[in-house]
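Participant: The sequence shown runs contiguously to residue 283 in my numbering.
Backbone N, C-alpha and C fix where the C-beta goes; we use that ideal spot for every residue, glycine too.
Note that the structure is predicted; figures quoted are calculated from it, not measured.
Take this structure, written in structure tokens, and hold onto it; I'll ask about it next.
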Amino acid sequence: MTTGDLAQEQPLPEDAFHLRPYTLACKVDDGFPTNNLVFEYGPKQLITDIRGLAHMSLSLEKNGFCNVRNDFKSMANDEESITRPGGYLDELKALTRDTFKSQGLVAEDVRVINWVHRAAKEDTLFKNETISGGDFKGHAPDTYVHNDCNFFGGDKRIRAVLGDQTTEILASKRIRIINAWRPINNAVQDCHLAICDATTVEHDKCMHGDFIVTPEYVSQTNYAAYSDHQKWYYCSKQHTDEVTFFKQHDTDESSNTRYCPHGAFWKDDPALCTIPRESIEVRLLIVSPKL
């Protein structure tokens, strides 16, 4: 177990409320703020290292997340290796089905929503870095506590993926949106991914805001404020063959693990980190039968 500083949402100043809370993921004019949110480091959180836990003690249905080992055959640090037939995304979809099956769940269909590379070389929010051996930059890790979508945003993502089939599928199926995160090129030296146990989230302490992907596509997300009720976990020195699956949305309203707030944190002084933290994160939509 360790302690870590997690940047969490704070109340906005009164003069900020002429706009809804927002985050921009699209290009805007120079000088225009990418968000109007206020994040501050609260009291240090206890963050449990999952390496000290019994095998299979964490699961998607019980906690909203899990960690799985897999020997990937495909590289995941360039677009061709990721998207080609039989490549990384196809391997990941197969692993998702196997993971569901091992936990007594059924994945009738697994679809990729999107994917993103991330890279961190220093403790600087929103600063993108070049991926090792590549000629492109990975997005900076989000070092503030957030969930990728709230219930409205999750529904909107589902409709964007399923299109005209949405109403028919939702009538008889359960949909989960799950992120699959793992390091590439090197094990994580620092800037670990922290995941909050979904059963410990205090929903009334979450602030909702717009997530503007493009001027035409505006989703919604939420940001969890500090709570001593939250239970946080991470995987120390996570290796390239270890995948963290965590829920972002679940259409089953009776579930108490509908989403996991998460964020990156530096365990030690970032200046001591000699190996960049590089990773790939894939958002998946999984169709299951309603029970």
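Short of 6 Å in beta carbon distance, which residues of its chain neighbour A68, apart from the five on each side in sequence? Order them along the chain.
Facilitator: Within the sequence shown, residue 68 is the residue found at index 76, counting from 1. I74, Y80, I176 and I272.
Participant: By how many angstroms is the C-alpha of A112 removed from the C-alpha of C183?
Facilitator: Translated into positions along the sequence shown, residue 183 becomes position 191. Translated into positions along the sequence shown, residue 112 becomes position 120. Approximately 7 Å, taken between the alpha carbons.
Participant: Can you tell me whether L283 is buried or exposed, with buried defined as 16 or more other CB within 10 angstroms of its CB?
Facilitator: In the sequence shown, the residue the question calls residue 283 occupies position 291. Classification for L283: exposed.
Participant: Where does H47 land, buried or exposed, given buried means 16+ other C-beta within 10 angstroms?
Facilitator: By one-based count along the sequence shown, residue 47 stands at place 55. So H47 counts as exposed.
Participant: Give me, in chain order, the residues of the same chain whose beta-carbon lies closer than 6 Å to that of V60; leave out the 5 immediate sequence neighbours on both sides.
Facilitator: Mapped onto the sequence shown, residue 60 falls at position 68. Correct list, in chain order: T91 and V235.
Participant: Identify, in the order they occur along the chain, each residue of the same chain with its Cβ nearer than 6 Å to the Cβ of C265, setting aside the five sequence neighbours on each side.
Facilitator: Counted from its first residue, the sequence shown places residue 265 at position 273. So the list reads Q181 and D182, once near-sequence residues are dropped.
Participant: Locate the alpha helix (DSSP H) running through I74, then write down its first and last residues.
Facilitator: By one-based count along the sequence shown, residue 74 stands at place 82. Its alpha helix (DSSP H) spans residues E71 to T75.
Participant: Hey, E194 and H221 are a contact pair by Cβ (cut 8 Å); roughly how many whole angstroms apart?
Facilitator: Taking the first residue of the sequence shown as 1, we reach residue 194 at position 202. Taking the first residue of the sequence shown as 1, we reach residue 221 at position 229. Yes, E194 and H221 are in contact; Cβ-Cβ is about 6 Å, under 8 Å.
Participant: Leaving out five residues before and five after S211 in sequence, what residues of the same chain have Cβ atoms less than 7 Å from its Cβ?
Facilitator: For the purposes of this step, residue 211 is taken as the residue at position 219 of the sequence shown. Correct list, in chain order: C141, G145, K148, R149, F203 and V205.
Participant: Is Q181 helix, strand or coil by DSSP?
Facilitator: The count along the sequence shown starts at 1 and reaches residue 181 at position 189. Three-state result, Q181: coil.
Participant: Hey, V214 and C198 are a contact pair by Cβ (cut 8 Å); roughly how many whole angstroms apart?
Facilitator: Stepping through the sequence shown from its first residue, residue 214 is reached at position 222. Stepping through the sequence shown from its first residue, residue 198 is reached at position 206. Per the sequence presented here, residue 214 reads as Asn, with Val not at that position. Right, their Cβ atoms sit about 4 Å apart.
Participant: Per DSSP, what are the beta-bridge partners of G201 in this structure?
Facilitator: By one-based count along the sequence shown, residue 201 stands at place 209. Looking at the DSSP assignment, G201 forms a beta bridge with T213.
Participant: What's the gap between the Cα of E100 and the Cα of I161?
Facilitator: Here residue 100 refers to the residue found at position 108 of the sequence shown. Here residue 161 refers to the residue found at position 169 of the sequence shown. Between E100 and I161, the C-alpha separation is close to 12 Å.
Participant: What does a CB cutoff of less than 6 Å around C252 pick up in its chain, not counting 5 residues either side in sequence?
Facilitator: Within the sequence shown, residue 252 is the residue found at index 260, counting from 1. Cβ neighbours of C252 beyond the five flanking positions: G56, F57, I187, C188, A190, F238 and K239.
Participant: From the DSSP output, read off the bridge partner residues of S271.
Facilitator: Translated into the one-based positions of the sequence shown, residue 271 becomes position 279. DSSP output for S271 lists R110 and P175 as bridge partner(s).
Participant: Looking at C-alpha atoms only, which residue of V20, F24, Q37 and T88 is the closest neighbour of A285?
Facilitator: Given that the chain is displayed from residue -7 to residue 283, the structure contains no residue 285 and the question cannot be resolved.
Participant: Quick check: the Cα distance between T26 and P77, rounded to an integer number of angstroms?
Facilitator: Residue mapping note: residue 26 aligns to position 34 of the sequence shown, counting from 1. Residue mapping note: residue 77 aligns to position 85 of the sequence shown, counting from 1. Each residue's Cα considered, the two are about 36 Å apart.
Participant: For R166 and A263, I'd like the C-alpha separation in whole angstroms.
Facilitator: In the sequence shown, counting from the first residue as 1, residue 166 sits at position 174. In the sequence shown, counting from the first residue as 1, residue 263 sits at position 271. Their backbone Cα atoms lie some 45 Å apart in a straight line.
Participant: Note down the Cα distance separating S66 from E83, rounded to an integer number of angstroms.
Facilitator: In the sequence shown, counting from the first residue as 1, residue 66 sits at position 74. In the sequence shown, counting from the first residue as 1, residue 83 sits at position 91. Each residue's alpha carbon lies about 8 Å from the other.
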